[in-house]
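To keep things clear, I will list the structure first and then write my remarks on it.
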Amino acid sequence: MFFSIKGQHYFYGNTQRLYSLEAIAYQSGNNAHSITKPYNFHVENKCSFSDSIFQLGVFGYGSDTNSSRAVILPVFDIDFQLSPTTNNTYLSSGFGVQCELNFHPKVSFFSRYSYRSGQASEYILASINNRGTIQGLGFLEDSSNQFKIHELDLNLSAALNDYFLVSIGRGKNFWGDGHRSLLLSDFAPSYPYLRIESEFWKVKYINLYSVHRDHFYSSDKQNKFSSSHLLSWNIIDGLNLSVFESVVWSGKDSLNRRNFDVNYLNPIIFFRPVEYNIGSADNSFLGMNLKATIFKKHVLYSQLILDEFLLKEIRASQGWWANKYGFQLGYKCFDIFKLKGLGVQLEYNRVRPFTYSHVSSLQNYGNANQSLAHPLESNFSEILTRLLFQKDNFSCQLTYAYQQHGGNTFGNYGGDMFSSYSTRMGDYNHSVLQGDLIQQHYLGLNLSYLLIAKSNTAFFSRLDFRNYLTLQKENNLLFSMGIRSNIWNTYLDY
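Okay, structure coming up:
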């Protein structure tokens, strides 16, 4: 029996929880496809993860699931925050339940529900491009900055055979090898999806059909849809090339009748010709991810995202607005200085103005007023470095980032992907960081101690500092501590 994934088809957890798995998955020679998260059972089979990875935590309940048909665990999110800048304190709380059912070695079900409430701190509200949201969760209730959010993630997956895995559910996906992704990230709130994964030889192919919500275009919530493909090819040991394409379209056309477009259901197709064929003006993207693993522990990676461009306009060098693209360069190393559990990461991201945007937010690359790619969206450059250490149940992460972003305070300069590109300031002479320049230094320290491994419940303490410079200088400092059950990353580094 090739299913040895401890009862479930997927591994869930944030970066700190999955560090030990990534250190193995990125080694050359195992033919694993590390670009797609959450990892599935194919990665586990190829990497032979040790049982000890799953049996960490102070409380071991649910860690030995080989003999368990069902595992039910409590979910916590108790977060006390102190802002020394203003001497304000904030308390948010969340409680819920996580359930894993293993009907059959080929069928598994995962669900997690929690109810969260509290008040957003000024640190959260001061983040770039915040539109009254709580990162990764949802919206503030009103001007009092209170939030009450029902969070539901679930996944029903069936392995049809050794090569095909089909999943339907509500959650997030991350495609990339970096801390950020310019293709698809886990930054925005969860969304419904249908995911079909096929894997054979050195190739992995994914079809992802998703439903997203738009709250920006009008006061009424409207649906929009996306269809995405990812082809990952392990060319030789340690070298992977992945090709990406995606298209986003509005749930309703001008006649109020479109909904899900079956023209984009074809699993093997290029979206741009389909757009022309059906006479639509949908938002399509092409992308590429390249990764090289050197001496098993050193990883070089890069990404390229193409929203729209004309080669003749690039050659003309006149700053045409519709040359919309971005790129990422990065390096990470596991077990540096031969110290097991110590990792380092360096990364650079740069995206041109108007990338990911469209005529309206009903067709941009966002969900619930948040980006499906990079938190800074477009018209930015970013340098970041991360140092992570993990030993047994203890994890420590230190992050520094320097970010520059061109804002839209006095006009549409392409720094807000939810603004229509039809309101742009002319067609030419557009460049990265145009508009109202924001410069930001971020420094964050995150300590955690794992309590329940299966639900990734941990005690945490973190310090986040942001030095923010526009027309005036502003410092934001936030101290947080509590107990949290995390299956997705929580981003405060933007």
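Going by this note's numbering, the sequence shown opens with residue 21, and the numbers climb by one from there. Glycine included, every Cβ here is placed at the ideal spot set by N, Cα and C.
Own chain residues within Cβ distance below 6 Å of residue i, not counting five before or after
i: residue 367; result: 198, 199, 350 and 404
i: residue 116; result: 95, 133 and 134
i: residue 188; result: 176 and 214
i: residue 143; result: 496 and 498
i: residue 449; result: 339
i: residue 411; result: 361
i: residue 409; result: 361, 362 and 416
i: residue 590; result: Lying outside 21 to 514, the shown extent of the chain, residue 590 is not represented and no answer is given.
i: residue 218; result: 183, 184 and 225
i: residue 310; result: 261 and 322
Chain-order list of residues whose beta-carbon lies under 7 Å from that of residue i (same chain, five-residue window excluded)
i: residue 502; result: 98, 99, 100 and 480
i: residue 228; result: 193, 213, 215 and 248
i: residue 51; result: 66, 222 and 254
i: residue 233; result: 241, 243, 387 and 388
i: residue 297; result: Confidence is the limiting factor: at residue 297 the pLDDT is only 48, short of 50, which leaves the residue's position unreliable, though a coordinate-based value still follows. None.
i: residue 246; result: 230, 232, 266, 267 and 268
i: residue 37; result: 476
The alpha helix (DSSP H) enclosing residue i, as first and last residue numbers
i: residue 43; result: 35 to 45
i: residue 145; result: 142 to 145
Residue closest to residue i, alpha-carbon to alpha-carbon, out of the options
i: residue 373; options: 436, 357 and 332; result: 436
i: residue 416; options: 422, 272, 424 and 407; result: 407
i: residue 105; options: 485, 505 and 513; result: 485
i: residue 515; options: 358, 449 and 476; result: One cannot answer for residue 515 here, as it falls past the ends of the chain, which runs 21 to 514.
i: residue 268; options: 256, 261, 260 and 283; result: 283
i: residue 327; options: 286, 316, 313 and 384; result: 384
i: residue 512; options: 30, 112, 46 and 145; result: 145
i: residue 10; options: 287, 500, 514 and 510; result: A query on residue 10 cannot be resolved here, the shown segment of the chain reaching from 21 to 514 and no further.
i: residue 63; options: 433, 220, 474 and 419; result: 220
i: residue 489; options: 353, 426 and 108; result: 426
i: residue 393; options: 474, 208 and 89; result: 208
i: residue 47; options: 452, 355, 431 and 441; result: 355
i: residue 390; options: 439, 359 and 358; result: 439
i: residue 430; options: 461, 491 and 460; result: 491
i: residue 478; options: 460, 504 and 465; result: 504
Residue interval of the beta strand (DSSP E) (run including residue i)
i: residue 397; result: No beta strand (DSSP E) holds residue 397; DSSP gives it neither H nor E.
i: residue 332; result: Here residue 332 belongs to no beta strand (DSSP E); instead the alpha helix (DSSP H) covers 331 to 336.
i: residue 519; result: Given that the chain is displayed from residue 21 to residue 514, the structure contains no residue 519 and the question cannot be resolved.
i: residue 281; result: Where residue 281 is concerned, there is no enclosing beta strand (DSSP E), given that its DSSP letter is neither H nor E.
i: residue 104; result: Counting along the chain, residue 104 falls outside any beta strand (DSSP E), and DSSP gives it neither H nor E.
i: residue 186; result: 184 to 191
i: residue 308; result: 303 to 314
i: residue 350; result: 344 to 354
i: residue 133; result: 127 to 139
i: residue 327; result: 318 to 328
i: residue 485; result: 477 to 489
i: residue 217; result: 211 to 220
i: residue 510; result: Premise fails: residue 510 is in no beta strand (DSSP E) and is neither H nor E.
Buried or exposed by the 16-neighbour rule on C-beta atoms within 10 Å, applied to residue i
i: residue 138; result: buried
i: residue 482; result: buried
i: residue 53; result: buried
i: residue 40; result: buried
i: residue 446; result: exposed
i: residue 181; result: exposed
i: residue 287; result: exposed
i: residue 164; result: exposed
i: residue 419; result: buried
i: residue 224; result: buried
i: residue 331; result: exposed
i: residue 201; result: buried
i: residue 226; result: buried
i: residue 306; result: buried
i: residue 25; result: With a pLDDT of only 40 at residue 25, under the threshold of 50, the placement of this residue in the model should not be trusted, and no figure is reported.
i: residue 170; result: exposed
i: residue 336; result: exposed
i: residue 87; result: In this prediction, residue 87 scores a pLDDT of 47, lower than 50, which makes its location untrustworthy; no coordinate-derived value is stated.
Cβ separation of residue i and residue j, assumed to be a contact under 8 Å, to the nearest whole Å
i: residue 323; j: residue 347; result: 6 Å
i: residue 252; j: residue 262; result: 4 Å
i: residue 370; j: residue 401; result: 5 Å
i: residue 316; j: residue 329; result: Their Cβ separation, rounded to whole angstroms, is 37 Å, which puts residue 316 and residue 329 out of contact at 8 Å.
i: residue 264; j: residue 203; result: 5 Å
i: residue 45; j: residue 59; result: 7 Å
i: residue 398; j: residue 377; result: 7 Å
i: residue 191; j: residue 55; result: No, residue 191 and residue 55 are not in contact; Cβ-Cβ is about 17 Å, not under 8 Å.
i: residue 3; j: residue 136; result: The first residue shown for the chain is 21 and the last is 514, placing residue 3 beyond what the model contains.
i: residue 454; j: residue 433; result: 5 Å
i: residue 457; j: residue 424; result: 7 Å
i: residue 395; j: residue 469; result: Contact flag wrong, Cβ pair sits at about 27 Å.
i: residue 509; j: residue 206; result: 6 Å
Same chain only: Cβ atoms within 8 Å of residue i, ignoring 5 sequence neighbours per side
i: residue 160; result: 140, 152, 153, 154, 166 and 167
Near the ligand COA: residue i beta-carbon under 8 Å from a heavy atom
i: residue 240; result: Ligands in the displayed structure: none, and consequently the ligand COA is not present.
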